[in-house]
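I have placed the structure first, in the form of structure tokens, so that the comments after it can refer back to it.
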Amino acid sequence: MGFFGLELSNTGTLDLDSQAGGILALTGQFTHASTGILQGNGTLDLTTTDVVAFDGQVNPGTSPGILNFAGDALMSPLTTANIELGGLNAGTEYDQVNINGAISLDGTVNLHLINGFIPTVGNVFTVLTFTSRSGNFANITGRDLGSGLRLDTVWTATSLELEVVQPAPAQILFAGDSAGGLSTGVFTVNPDGSGLTHPYSSTTIGYQEVYPRWSPNRERIAFTNRKGFTPPNPNELYMVHASGDTLVTLVSDTSTFIPRWSPNGAHLAFECGNGWDVIDICAIGDVTGPLTSLSGIGNASGKVYLTDFDVVHWGGGSWVFAWDPLNPDRIAVVRDSLPPLGGQGQSMIFTMLYDGSGVQRLLPTGVLDAGNGPLLINENMDWSSDGQWLVFAAVDPQGQMNIYKIDRNGANLTQLTATPDQDGRPVWSPNGAEILFGRNLESGGYCDYDAWIMNSDGSNAHQITNEQVCDWNLETLAGDWSPDGQQIALTGFDLPYGNLSIYVVPRTVTAATYFAQRMLIGRTGSVVGMREVTDIQPSWRP
């Protein structure tokens with residue numbers, strides 16, 4: 101069946117099984133609307149100059165089958181592809197989409213097991229082929245298969261393969277500095293303390309400025325480091341394979357701090373500026389290519405200044421930002437006002453896409469004020485895993501720093517802590533039920549810092565460590581939940597040696613049981629009173 105010289109828009113169901121020979125030939129534009137469903141086995145045959153534009157559902161086969169496109173294809177954020185896996189043979193047992201042209205990727209892929217199929221380690225499914233590609237899927241669901249198995253994505257030059265793997269226990273990533281001939285840089289270790297590796301070795305001591313972070317697939321590590329302290333030596337942005345076999349510098353023309361991956365691993369955001377009084381949030385749009393192709397990718401125009409937009413009466417800024425788990429192309433950033441003479445500035449939260457477009461103010465009709473005056477957000481902001489809440493630390497005009505949350509639509513601003521202590525760096529648990537944060541006690545002269553946990557509504561706040569740290573804060577020391585939320589990795593003092601080391605504690609730990617329950621998993625020294633090791637900033641989750 102053929103349509104010649106026409107623009108065809110599908111808003112209903114187009115079943116290629118019903119076409120003569122399973123082929124629909126077009127010489128005009130084909131648009132697959134958001135309400136449309138394209139399904140069946142067969143070929144959509146376009147001329148080489150035409151593009152099929154997807155907004156709706158793509159369902160290969162009739163459980164399962166193959167869809168072929170003889171031309172280029174463009175997938176939008178509204179595209180949903182449903183892929184069924186029921187065996188190892190493409191077309192008869194699992195779905196496949198073949199693009200005989202270039203494809204621009206976006207949208208969601210939903211993976212479904214059918215016919216009682218139970219995959220085993222090593223099974224591979226080639227679900228998509230193309231001649232070239234750009235972009236990436238925003239989300240792939242159904243990758244967790246149960247029984248410890250998972251579908252990993254493997255991109256080749258012309259295909260997407262899904263491979264069944266059994267991941268090892270998620271390693272913990274941390275930054276470290278050493279004396280006494282020990283090493284400095286970025287380290288990984290298993291949760292039981294075994295398998296210590298050293299993917300990156302540094303010759304400088306800027307360990308507090310490293311902030312290492314896993315990519316979502318745990319194959320890469322992003323971090324920052326300074327090659328030297330004599331100007332001009334900005335804190336550069338690096339990426340390295342988890343194995344340490346390839347290291348590239350992404351940004352070297354400005355200071356960078358605190359890199360964070362988008363949930364789909366396609367984008368990378370970070371603090372950028374001169375490292376002192378000029379602070380912006382920047383992003384690199386696509387970091388999915390081979391590492392060797394990413395060298396210098398964020399220099400000059402390769403990075404987008406997300407906070408470099410015009411807002412009346414607003415300037416300066418904070419480094420606080422967080423990726424939206426429901427839309428991995430969307431990020432929330434904070435901009436701070438210039439304070440009036442003798443007064444305090446105030447913060448505004450904006451959301452935008454990774455390329456700086458689509459700027460929207462989260463709270464369009466007013467400032468962040470929970471009842472004690474405008475708030476100045478000055479520490480970590482974190483999005484709950486369900487994408488419904490943002491949590492952050494902020495200072496009110498009375499100088500009190502507490503924890504607050506606000507919903508994704510800019511409503512229901514709620515103060516979670518209200519003490520004379522200084523509370524900061526909140527981190528959601530994976531299930532969104534609890535929040536890890538740091539508290540510096542007023543009774544200790546603000547030199548008594550420990551980790552605390554509270555429920556997501558602010559109730560049941562309780563201390564979980566008993567370090568009474570002075571001159572450090574949880575942003576530098578850091579702490580993170582295990583992927584299942586049952587354990588916490590944090591930094592603690594290794595007495596009597598005086599080292600800062602990485603420990604794991606159960607979620608149920610208390611200040612009274614902390615020293616008995618904490619398990620050393622990182623490095624330590626051997627000379628009493630001499631700090632040989634300073635290990636900080638554990639990152640367990642991507």
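Position 4 of the sequence shown, counting from 1, maps to 104 under the working numbering, and the rest follow consecutively.
Every residue, glycine too, gets a C-beta built ideally from N, C-alpha and C.
All values derive from a computational prediction rather than experimental measurement.
- Note that the region 241-256 does not touch the region 282-296; fewer than 3 beta-carbon pairs, one per stretch, sit closer than 8 Å.
- The criterion of a C-beta distance shorter than 7 Å is not satisfied by Pro638 and Ile588.
- Residue burial is scored here from C-beta neighbours: Cys372 has at least 16 other C-beta atoms within 10 angstroms and is therefore classed as buried.
- Listed in chain order, the non-local C-beta contacts of Ile214 below 6 Å within the same chain comprise Glu184 and Gly186, local neighbours out to five positions each way being set aside.
- With a cutoff of 7 Å on beta-carbon distance, Asp380 and Asp408 are scored as near each other.
- For the pair Val420 and Val404, the CB atoms are not nearer than the 7 Å cut-off.
- In the same chain as Arg607, and ignoring 5 residues on each side of it, the C-beta atoms closer than 7 Å to its own belong to Gly585, Gln586, Gln587 and Ile588, in chain order.
- For the options Ala518, Leu391 and Gly532, the alpha carbon positioned closest to that of Arg539 is the one of Ala518.
- Take Phe225, set aside five residues on each side of it, and the residues of its chain with a beta-carbon closer than 7 Å to its own are Leu185, Tyr194, Glu261 and Leu262, in chain order.
- The beta carbon of Leu453 sits closer than 8 Å to the beta carbons of Asp429, Arg430 and Ile431 from its chain, once the five residues preceding and following it are set aside; these are given in chain order.
- Judged by DSSP in its simplified three-state form, Phe230 adopts coil rather than helix or strand.
- Of the candidates Asp172, Asn502, Gln488 and Asp496, the residue whose Cα lies closest to the Cα of Asn509 is Gln488.
- Spanning the alpha carbons of Gln522 and Gln500 requires a straight line of approximately 7 Å.
- Contact between the region 229-244 and the region 350-361 is absent: fewer than 3 CB-CB pairs across the two stretches fall below 8 Å.
- By DSSP's assignment, Thr208 forms a beta bridge with Thr180 and Asn239.
- In the assembly as shown, Gly398 is a buried residue. Its beta-carbon has 16 or more other beta-carbons within 10 Å.
- Residue pairing from DSSP places Ser259 in a beta bridge opposite Thr229.
- Beta-bridge annotation (DSSP): Trp640 is not paired with any residue.
- Scanning His341, Phe370 and Ala422 for the CA closest to the CA of Gly389 turns up His341.
- Boundaries around Gln617 are those of the alpha helix (DSSP H), Tyr614 to Gln617, since no beta strand (DSSP E) includes it.
- Residue environment: Thr192 is assigned as exposed (fewer than 16 neighbouring CB atoms within 10 Å of its CB, all protein chains considered).
- Per DSSP, the continuous beta strand (DSSP E) segment holding Lys505 begins and ends at Met501 to Asp507.
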